[in-house]
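A short write-up of the structure that comes next.
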Amino acid sequence: MIRRMATNPIPQFPAGFLWGVSTSAHQIEGSAGEREPSVWDTFTAEPGRVKDGSTAAVACDHYHRYREDVALLTGLGVDAYRFSISWPRVNSPGGLDFYDRLVDELCAAGVRPVPTLFHWDLPATLDWLERDTASRFAEYVSVVAGRLGDRVKKWITLNEPAEHTLLGHALGAHAPGKRLLFDAIPAAHHQLLAHGLAVRALRAAGAADIGIANSHGPTWPASQEPADVEAADFYDLLLNRLFADPVLLGEYPAGIGELMPGDIEEDLKIIGEPLDWYGINYYAPSRVGAPQGAEIEFGGLTLPAELPFSVREIEGRPVTDFGWPVVPEGLTELLTGFRDRFGDRLPPIVITENGCSYEGIDDQDRIAYLDGHIRALHAAMTAGVDVRGYFVWSLLDNFEWAEGYERRFGLVHVDYRTLERTPKASYGWFRDVLRAQR
(Lines of atoms letter the chains of each structure in order from A and count residues from 1; the text may use other names and numbers.)
(Lines give C-alpha, C1' and ligand atoms only; values in the text may rest on other atoms or scores of the structure.)
Protein backbone atom coordinates (compact mmCIF):
# COMPACT_ATOMS: atom_id res chain seq x y z
CA MET A 1 0.00 0.00 0.00
CA ILE A 2 1.44 3.36 -1.02
CA ARG A 3 1.05 5.93 1.71
CA ARG A 4 0.06 9.52 0.97
CA MET A 5 1.61 12.57 2.53
CA ALA A 6 -0.99 14.48 4.52
CA THR A 7 -1.14 18.15 3.48
CA ASN A 8 -3.53 21.02 3.70
CA PRO A 9 -5.64 21.33 0.56
CA ILE A 10 -4.03 23.12 -2.38
CA PRO A 11 -5.65 26.55 -2.82
CA GLN A 12 -8.24 26.84 -5.55
CA PHE A 13 -7.04 28.12 -8.89
CA PRO A 14 -9.26 30.14 -11.26
CA ALA A 15 -11.75 28.39 -13.50
CA GLY A 16 -10.17 27.55 -16.83
CA PHE A 17 -6.65 27.20 -15.39
CA LEU A 18 -4.81 24.65 -17.54
CA TRP A 19 -3.33 21.64 -15.73
CA GLY A 20 -1.00 19.30 -17.60
CA VAL A 21 2.14 17.19 -17.79
CA SER A 22 5.08 17.37 -20.19
CA THR A 23 7.42 15.03 -22.09
CA SER A 24 9.75 15.29 -25.07
CA ALA A 25 10.08 13.13 -28.17
CA HIS A 26 13.71 12.05 -27.93
CA GLN A 27 13.38 11.19 -24.25
CA ILE A 28 10.41 8.83 -24.56
CA GLU A 29 9.61 7.79 -28.14
CA GLY A 30 12.33 5.27 -28.99
CA SER A 31 12.06 3.70 -32.47
CA ALA A 32 15.16 5.59 -33.50
CA GLY A 33 15.60 3.32 -36.51
CA GLU A 34 12.31 4.57 -37.96
CA ARG A 35 13.47 8.17 -38.37
CA GLU A 36 16.53 10.00 -39.62
CA PRO A 37 19.31 10.61 -37.07
CA SER A 38 19.37 13.62 -34.77
CA VAL A 39 22.35 15.33 -33.16
CA TRP A 40 21.51 13.35 -30.02
CA ASP A 41 21.89 10.02 -31.86
CA THR A 42 25.32 11.12 -33.04
CA PHE A 43 26.25 12.42 -29.58
CA THR A 44 25.19 9.31 -27.63
CA ALA A 45 27.04 7.06 -30.08
CA GLU A 46 30.33 8.59 -28.89
CA PRO A 47 31.80 6.74 -25.86
CA GLY A 48 31.78 8.71 -22.63
CA ARG A 49 29.13 11.22 -23.64
CA VAL A 50 26.34 9.69 -21.52
CA LYS A 51 27.05 8.71 -17.92
CA ASP A 52 25.57 5.22 -18.06
CA GLY A 53 26.55 4.67 -21.71
CA SER A 54 22.92 4.44 -22.78
CA THR A 55 21.04 5.84 -25.77
CA ALA A 56 17.42 6.71 -26.47
CA ALA A 57 17.07 4.08 -29.19
CA VAL A 58 14.23 2.43 -27.22
CA ALA A 59 13.67 4.86 -24.31
CA CYS A 60 10.07 4.33 -23.09
CA ASP A 61 8.90 2.99 -26.48
CA HIS A 62 6.18 5.64 -26.49
CA TYR A 63 6.11 5.36 -30.28
CA HIS A 64 4.40 1.97 -29.93
CA ARG A 65 2.82 2.45 -26.49
CA TYR A 66 1.28 5.90 -26.93
CA ARG A 67 -2.25 4.59 -26.40
CA GLU A 68 -1.21 3.18 -23.01
CA ASP A 69 0.36 6.53 -22.15
CA VAL A 70 -2.72 8.49 -23.21
CA ALA A 71 -4.73 6.21 -20.91
CA LEU A 72 -2.38 7.26 -18.09
CA LEU A 73 -3.14 10.89 -18.93
CA THR A 74 -6.85 10.16 -18.80
CA GLY A 75 -6.51 8.43 -15.42
CA LEU A 76 -4.52 11.39 -14.13
CA GLY A 77 -7.24 13.80 -15.18
CA VAL A 78 -5.06 16.45 -16.81
CA ASP A 79 -6.51 19.04 -19.17
CA ALA A 80 -3.52 19.05 -21.52
CA TYR A 81 -0.47 17.10 -22.59
CA ARG A 82 2.68 18.90 -23.64
CA PHE A 83 4.77 16.65 -25.89
CA SER A 84 7.33 17.46 -28.55
CA ILE A 85 7.42 16.67 -32.23
CA SER A 86 10.64 15.17 -33.54
CA TRP A 87 11.90 17.15 -36.52
CA PRO A 88 13.98 14.13 -37.68
CA ARG A 89 10.87 11.93 -37.53
CA VAL A 90 8.82 14.41 -39.54
CA ASN A 91 11.62 14.38 -42.13
CA SER A 92 11.23 10.60 -42.44
CA PRO A 93 8.60 8.66 -44.43
CA GLY A 94 5.41 8.28 -42.42
CA GLY A 95 6.79 10.32 -39.52
CA LEU A 96 3.91 12.76 -39.33
CA ASP A 97 1.49 9.85 -39.34
CA PHE A 98 2.57 9.02 -35.79
CA TYR A 99 1.70 12.51 -34.54
CA ASP A 100 -1.59 12.32 -36.43
CA ARG A 101 -2.43 9.18 -34.48
CA LEU A 102 -1.24 10.64 -31.18
CA VAL A 103 -3.24 13.84 -31.60
CA ASP A 104 -6.34 11.87 -32.57
CA GLU A 105 -5.95 9.69 -29.47
CA LEU A 106 -5.55 12.74 -27.23
CA CYS A 107 -8.57 14.50 -28.70
CA ALA A 108 -10.69 11.37 -28.32
CA ALA A 109 -9.62 11.22 -24.66
CA GLY A 110 -10.52 14.86 -24.06
CA VAL A 111 -6.88 15.88 -23.48
CA ARG A 112 -5.69 19.03 -25.23
CA PRO A 113 -2.56 18.42 -27.36
CA VAL A 114 0.17 21.04 -26.78
CA PRO A 115 3.13 20.23 -29.04
CA THR A 116 6.60 21.72 -28.76
CA LEU A 117 8.12 22.00 -32.21
CA PHE A 118 11.77 21.80 -31.13
CA HIS A 119 13.06 20.10 -27.98
CA TRP A 120 16.79 19.75 -28.76
CA ASP A 121 16.64 16.87 -31.29
CA LEU A 122 17.98 18.75 -34.31
CA PRO A 123 18.41 16.71 -37.52
CA ALA A 124 22.04 15.57 -37.62
CA THR A 125 22.59 17.29 -40.97
CA LEU A 126 21.81 20.75 -39.54
CA ASP A 127 23.66 23.15 -37.24
CA TRP A 128 22.34 26.07 -35.19
CA LEU A 129 25.56 27.93 -35.90
CA GLU A 130 24.27 28.29 -39.47
CA ARG A 131 21.62 30.93 -40.14
CA ASP A 132 19.88 28.78 -42.74
CA THR A 133 18.78 26.36 -40.00
CA ALA A 134 16.27 28.98 -38.81
CA SER A 135 14.66 29.10 -42.26
CA ARG A 136 14.63 25.32 -42.48
CA PHE A 137 12.88 25.22 -39.11
CA ALA A 138 10.14 27.54 -40.35
CA GLU A 139 9.58 25.26 -43.36
CA TYR A 140 9.24 22.25 -41.07
CA VAL A 141 6.83 24.14 -38.80
CA SER A 142 4.64 24.99 -41.79
CA VAL A 143 4.44 21.30 -42.72
CA VAL A 144 3.48 20.25 -39.18
CA ALA A 145 0.92 23.04 -38.76
CA GLY A 146 -0.64 22.19 -42.11
CA ARG A 147 -1.12 18.60 -41.02
CA LEU A 148 -2.14 19.00 -37.36
CA GLY A 149 -3.52 22.53 -37.13
CA ASP A 150 -7.15 21.44 -37.52
CA ARG A 151 -6.90 19.75 -34.08
CA VAL A 152 -3.93 21.41 -32.35
CA LYS A 153 -4.79 24.89 -31.11
CA LYS A 154 -1.97 25.60 -28.63
CA TRP A 155 1.63 25.58 -29.88
CA ILE A 156 5.14 25.95 -28.44
CA THR A 157 7.97 26.92 -30.78
CA LEU A 158 11.18 26.07 -28.90
CA ASN A 159 12.13 24.48 -25.60
CA GLU A 160 14.95 25.99 -23.53
CA PRO A 161 17.25 27.56 -26.14
CA ALA A 162 19.39 28.78 -23.21
CA GLU A 163 20.28 25.23 -22.12
CA HIS A 164 20.65 24.02 -25.70
CA THR A 165 23.11 26.84 -26.32
CA LEU A 166 25.02 26.60 -23.05
CA LEU A 167 25.18 22.83 -22.63
CA GLY A 168 25.24 21.81 -26.29
CA HIS A 169 27.35 24.51 -27.90
CA ALA A 170 29.34 26.29 -25.16
CA LEU A 171 30.26 23.54 -22.68
CA GLY A 172 29.95 20.38 -24.79
CA ALA A 173 27.96 18.50 -22.14
CA HIS A 174 24.94 17.93 -24.42
CA ALA A 175 24.49 17.34 -28.14
CA PRO A 176 25.92 18.45 -30.48
CA GLY A 177 28.86 18.39 -28.06
CA LYS A 178 30.57 21.63 -29.10
CA ARG A 179 32.79 23.40 -26.58
CA LEU A 180 32.85 26.91 -27.99
CA LEU A 181 32.32 28.95 -24.82
CA PHE A 182 31.30 32.48 -25.90
CA ASP A 183 31.70 31.63 -29.58
CA ALA A 184 28.42 29.72 -29.14
CA ILE A 185 26.48 33.01 -29.15
CA PRO A 186 25.34 32.63 -32.81
CA ALA A 187 23.51 29.42 -31.85
CA ALA A 188 21.42 31.46 -29.42
CA HIS A 189 20.57 34.07 -32.03
CA HIS A 190 19.66 31.55 -34.71
CA GLN A 191 17.35 29.67 -32.34
CA LEU A 192 15.62 32.92 -31.40
CA LEU A 193 15.32 33.81 -35.08
CA ALA A 194 13.87 30.35 -35.71
CA HIS A 195 11.33 31.04 -32.97
CA GLY A 196 10.20 34.28 -34.63
CA LEU A 197 9.99 32.69 -38.06
CA ALA A 198 8.00 29.81 -36.55
CA VAL A 199 5.53 32.25 -34.99
CA ARG A 200 4.99 33.77 -38.43
CA ALA A 201 4.60 30.35 -40.02
CA LEU A 202 2.06 29.31 -37.39
CA ARG A 203 0.11 32.56 -37.80
CA ALA A 204 0.04 31.98 -41.56
CA ALA A 205 -1.43 28.53 -40.87
CA GLY A 206 -4.18 30.08 -38.71
CA ALA A 207 -2.75 29.44 -35.25
CA ALA A 208 -3.89 31.85 -32.54
CA ASP A 209 -2.42 30.43 -29.30
CA ILE A 210 1.38 30.45 -29.52
CA GLY A 211 4.13 30.53 -26.90
CA ILE A 212 7.73 29.57 -26.24
CA ALA A 213 9.15 27.50 -23.33
CA ASN A 214 12.16 29.32 -21.86
CA SER A 215 13.92 28.21 -18.70
CA HIS A 216 14.31 30.84 -15.99
CA GLY A 217 15.26 31.12 -12.34
CA PRO A 218 16.28 33.86 -9.93
CA THR A 219 20.00 34.59 -9.75
CA TRP A 220 21.28 35.25 -6.25
CA PRO A 221 24.73 36.79 -5.74
CA ALA A 222 26.97 34.78 -3.43
CA SER A 223 27.53 37.96 -1.39
CA GLN A 224 27.09 41.70 -1.72
CA GLU A 225 30.74 42.13 -2.63
CA PRO A 226 30.95 44.02 -5.96
CA ALA A 227 32.75 41.13 -7.72
CA ASP A 228 30.01 38.65 -6.74
CA VAL A 229 27.20 41.03 -7.69
CA GLU A 230 28.81 41.72 -11.06
CA ALA A 231 29.31 38.01 -11.76
CA ALA A 232 25.72 37.21 -10.79
CA ASP A 233 24.42 39.98 -13.04
CA PHE A 234 26.37 38.59 -15.98
CA TYR A 235 25.10 35.06 -15.32
CA ASP A 236 21.54 36.39 -15.14
CA LEU A 237 22.03 38.14 -18.46
CA LEU A 238 23.21 34.93 -20.14
CA LEU A 239 20.59 32.57 -18.72
CA ASN A 240 17.58 34.85 -18.36
CA ARG A 241 17.67 38.20 -20.15
CA LEU A 242 19.45 37.02 -23.31
CA PHE A 243 16.47 34.78 -24.10
CA ALA A 244 13.58 36.78 -22.62
CA ASP A 245 14.37 40.34 -23.69
CA PRO A 246 14.47 39.75 -27.47
CA VAL A 247 11.20 37.80 -27.36
CA LEU A 248 9.31 40.13 -25.02
CA LEU A 249 10.94 43.51 -25.66
CA GLY A 250 12.27 43.08 -29.20
CA GLU A 251 15.80 43.97 -28.10
CA TYR A 252 18.92 42.34 -26.74
CA PRO A 253 20.39 43.42 -23.39
CA ALA A 254 22.95 46.22 -23.74
CA GLY A 255 26.20 45.06 -25.29
CA ILE A 256 24.83 41.75 -26.60
CA GLY A 257 23.26 42.72 -29.93
CA GLU A 258 26.59 43.71 -31.47
CA LEU A 259 27.90 40.19 -30.80
CA MET A 260 25.18 38.61 -32.92
CA PRO A 261 25.50 37.77 -36.62
CA GLY A 262 23.32 39.27 -39.34
CA ASP A 263 21.12 42.35 -39.55
CA ILE A 264 20.16 42.50 -35.89
CA GLU A 265 17.63 45.31 -36.23
CA GLU A 266 15.66 43.38 -38.84
CA ASP A 267 16.08 40.03 -37.06
CA LEU A 268 14.73 41.48 -33.81
CA LYS A 269 11.52 42.48 -35.59
CA ILE A 270 11.05 38.78 -36.33
CA ILE A 271 12.20 37.50 -32.93
CA GLY A 272 9.87 39.93 -31.16
CA GLU A 273 6.71 38.77 -32.94
CA PRO A 274 3.88 39.11 -30.37
CA LEU A 275 3.04 35.97 -28.41
CA ASP A 276 -0.25 34.85 -26.92
CA TRP A 277 1.50 33.55 -23.80
CA TYR A 278 5.01 33.03 -22.43
CA GLY A 279 6.15 29.65 -21.13
CA ILE A 280 8.53 29.34 -18.19
CA ASN A 281 10.35 26.18 -17.11
CA TYR A 282 11.34 26.55 -13.46
CA TYR A 283 13.48 24.24 -11.34
CA ALA A 284 15.62 26.28 -8.92
CA PRO A 285 17.44 29.57 -8.35
CA SER A 286 21.18 29.90 -8.94
CA ARG A 287 23.70 31.28 -6.46
CA VAL A 288 26.54 32.90 -8.36
CA GLY A 289 29.80 34.55 -7.43
CA ALA A 290 33.04 35.78 -8.91
CA PRO A 291 35.25 33.26 -10.74
CA GLN A 292 37.38 31.11 -8.46
CA GLY A 293 40.22 30.38 -10.87
CA ALA A 294 39.61 26.66 -11.23
CA GLU A 295 37.19 24.21 -12.79
CA ILE A 296 34.04 23.67 -10.72
CA GLU A 297 31.93 20.52 -10.58
CA PHE A 298 28.34 21.63 -10.20
CA GLY A 299 25.03 19.92 -10.96
CA GLY A 300 26.73 17.20 -12.95
CA LEU A 301 28.65 19.73 -15.06
CA THR A 302 32.28 20.72 -15.21
CA LEU A 303 32.35 24.51 -15.45
CA PRO A 304 35.63 25.75 -16.94
CA ALA A 305 37.85 28.15 -15.01
CA GLU A 306 37.75 30.78 -17.77
CA LEU A 307 34.07 31.59 -17.20
CA PRO A 308 33.56 35.05 -15.65
CA PHE A 309 31.42 33.60 -12.83
CA SER A 310 31.22 30.56 -10.58
CA VAL A 311 28.04 28.76 -9.56
CA ARG A 312 27.89 28.03 -5.83
CA GLU A 313 25.77 25.74 -3.68
CA ILE A 314 22.61 27.11 -2.06
CA GLU A 315 23.12 25.97 1.49
CA GLY A 316 20.49 25.01 4.01
CA ARG A 317 18.04 23.61 1.46
CA PRO A 318 17.02 20.03 0.72
CA VAL A 319 18.22 18.80 -2.65
CA THR A 320 16.77 16.44 -5.23
CA ASP A 321 18.55 13.28 -6.36
CA PHE A 322 20.05 15.46 -9.08
CA GLY A 323 21.54 17.71 -6.40
CA TRP A 324 19.31 20.64 -7.31
CA PRO A 325 18.12 22.77 -4.36
CA VAL A 326 14.41 22.76 -3.56
CA VAL A 327 13.32 26.41 -3.34
CA PRO A 328 9.59 26.78 -4.05
CA GLU A 329 9.51 30.49 -3.13
CA GLY A 330 12.02 31.06 -5.93
CA LEU A 331 9.12 30.53 -8.34
CA THR A 332 7.12 33.30 -6.67
CA GLU A 333 10.17 35.58 -6.79
CA LEU A 334 10.78 34.77 -10.45
CA LEU A 335 7.21 35.44 -11.54
CA THR A 336 6.76 38.68 -9.63
CA GLY A 337 10.15 39.78 -10.96
CA PHE A 338 9.03 39.11 -14.54
CA ARG A 339 5.88 41.14 -13.93
CA ASP A 340 7.92 44.05 -12.59
CA ARG A 341 10.57 43.89 -15.33
CA PHE A 342 8.36 43.48 -18.39
CA GLY A 343 5.12 45.15 -17.34
CA ASP A 344 2.52 45.28 -20.09
CA ARG A 345 4.96 43.64 -22.53
CA LEU A 346 4.56 40.38 -20.61
CA PRO A 347 1.73 38.20 -21.97
CA PRO A 348 -0.01 35.64 -19.74
CA ILE A 349 2.42 33.04 -18.37
CA VAL A 350 2.21 29.25 -18.46
CA ILE A 351 4.57 27.15 -16.33
CA THR A 352 5.57 24.69 -19.03
CA GLU A 353 7.87 22.58 -16.81
CA ASN A 354 8.32 22.09 -13.09
CA GLY A 355 9.48 18.86 -11.50
CA CYS A 356 12.22 16.94 -9.73
CA SER A 357 14.33 13.79 -9.81
CA TYR A 358 13.74 11.24 -7.05
CA GLU A 359 14.00 7.46 -6.90
CA GLY A 360 11.23 5.17 -5.74
CA ILE A 361 7.56 4.57 -6.40
CA ASP A 362 6.46 5.83 -2.98
CA ASP A 363 7.92 9.23 -3.88
CA GLN A 364 6.91 11.42 -0.97
CA ASP A 365 9.72 13.87 -1.71
CA ARG A 366 8.27 14.53 -5.16
CA ILE A 367 4.84 15.13 -3.61
CA ALA A 368 6.36 17.62 -1.18
CA TYR A 369 8.22 19.34 -4.03
CA LEU A 370 5.14 19.69 -6.22
CA ASP A 371 2.95 20.72 -3.30
CA GLY A 372 5.36 23.53 -2.40
CA HIS A 373 5.74 24.78 -5.96
CA ILE A 374 2.02 24.78 -6.72
CA ARG A 375 1.46 26.84 -3.57
CA ALA A 376 4.28 29.20 -4.61
CA LEU A 377 2.63 29.57 -8.00
CA HIS A 378 -0.67 30.41 -6.35
CA ALA A 379 1.11 33.02 -4.20
CA ALA A 380 2.46 34.70 -7.34
CA MET A 381 -1.02 34.77 -8.85
CA THR A 382 -2.41 36.25 -5.63
CA ALA A 383 0.27 38.95 -6.00
CA GLY A 384 -1.15 39.82 -9.40
CA VAL A 385 0.87 37.73 -11.87
CA ASP A 386 -1.29 36.47 -14.76
CA VAL A 387 -0.56 32.72 -14.92
CA ARG A 388 -2.83 30.51 -17.02
CA GLY A 389 -1.42 27.00 -16.65
CA TYR A 390 0.99 24.56 -14.97
CA PHE A 391 2.65 21.48 -16.46
CA VAL A 392 4.53 18.92 -14.36
CA TRP A 393 7.76 17.49 -15.72
CA SER A 394 7.28 14.66 -16.40
CA LEU A 395 4.59 12.09 -17.11
CA LEU A 396 7.13 9.24 -17.44
CA ASP A 397 10.58 8.39 -16.23
CA ASN A 398 12.70 8.78 -19.34
CA PHE A 399 16.09 9.21 -21.00
CA GLU A 400 17.53 12.17 -19.09
CA TRP A 401 19.97 13.37 -21.74
CA ALA A 402 23.64 13.10 -20.65
CA GLU A 403 22.53 11.47 -17.38
CA GLY A 404 21.06 8.53 -19.29
CA TYR A 405 18.53 6.57 -17.25
CA GLU A 406 20.00 7.42 -13.85
CA ARG A 407 17.54 10.26 -13.08
CA ARG A 408 13.81 9.72 -12.69
CA PHE A 409 11.48 12.70 -13.08
CA GLY A 410 8.25 10.82 -13.82
CA LEU A 411 4.92 10.61 -12.08
CA VAL A 412 4.92 7.14 -13.62
CA HIS A 413 7.76 4.66 -13.05
CA VAL A 414 9.11 2.94 -16.16
CA ASP A 415 10.93 -0.39 -15.91
CA TYR A 416 13.47 0.08 -18.69
CA ARG A 417 13.86 -3.69 -19.11
CA THR A 418 10.19 -4.61 -19.48
CA LEU A 419 8.86 -1.08 -20.25
CA GLU A 420 6.09 -1.68 -17.70
CA ARG A 421 4.49 1.54 -16.42
CA THR A 422 3.65 1.86 -12.71
CA PRO A 423 1.99 5.02 -11.37
CA LYS A 424 3.86 6.42 -8.37
CA ALA A 425 2.42 7.94 -5.22
CA SER A 426 2.88 11.37 -6.84
CA TYR A 427 0.61 10.33 -9.72
CA GLY A 428 -2.20 9.57 -7.26
CA TRP A 429 -1.52 12.78 -5.33
CA PHE A 430 -1.61 14.96 -8.45
CA ARG A 431 -4.77 13.19 -9.63
CA ASP A 432 -6.42 14.03 -6.33
CA VAL A 433 -5.25 17.67 -6.56
CA LEU A 434 -6.82 17.97 -10.01
CA ARG A 435 -10.09 16.42 -8.87
CA ALA A 436 -10.28 18.96 -6.04
CA GLN A 437 -9.77 21.80 -8.53
CA ARG A 438 -12.79 20.84 -10.67
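When we follow our numbering, the leftmost residue of the sequence shown carries the number 50, and every step to the right adds one.
In this text, a Cβ means the ideal position worked out from N, Cα and C, and glycines have one as well.
Under DSSP, Ile398 takes part in a beta bridge, and its partners are Tyr327 and Val436.
DSSP places Gly82 in no alpha helix (DSSP H); its state is neither H nor E. With the rule of 3 Cβ pairs closer than 8 Å, the segment 256-267 counts as touching the segment 329-337.
Taking all protein chains shown into account, Cys156 has fewer than 16 neighbouring C-beta atoms within 10 Å of its C-beta and is therefore exposed. In this structure, Arg394 keeps its C-beta atom at 9 Å or more from the C-beta atom of Leu286.
Here the segment 244-263 makes contact with the segment 177-194; the two share three or more CB pairs at distances below 8 Å. When DSSP states are grouped into helix, strand and coil, Thr268 belongs to the strand group.
Every alpha helix (DSSP H) stretch that sits fully inside the segment 101-132 and reaches 4 residues is listed by chain position as 111-125.
The Cβ atoms of Ile134 and Thr174 do not sit closer than 9 Å to each other. Contact annotation: Tyr476 and Leu121 have beta-carbon atoms nearer than 9 Å. Around the CB of Asn57, fewer than 16 other CB atoms lie within 10 Å, so the residue is classed as exposed.
The continuous stretches of alpha helix (DSSP H) do not include Ser141, and DSSP gives it neither H nor E. Between the beta-carbon of Phe440 and that of Glu449 there is about 17 Å, and that puts the pair past the 8 Å contact cut. Note on geometry: alpha-carbon atoms of Glu83 and Leu207 lie some 23 Å from one another. Between the segment 91-109 and the segment 134-151, the count of C-beta pairs closer than 8 Å stays below three; the two stretches do not touch. Contact between Leu242 and Ile319 holds, since their C-beta atoms are separated by about 6 Å, short of 8 Å.
Annotation: the continuous alpha helix (DSSP H) that includes Trp89 extends over Val88 to Thr93. Note on geometry: alpha-carbon atoms of Gly260 and Leu229 lie some 29 Å from one another. DSSP places Arg487 outside both helix and strand once states are collapsed to three, so it counts as coil. In the DSSP assignment, Pro210 falls within the alpha helix (DSSP H) that extends over Pro210 to Thr214.
Straight-line spacing of the CA atoms in Gln76 and Asn447 works out to 6 Å.
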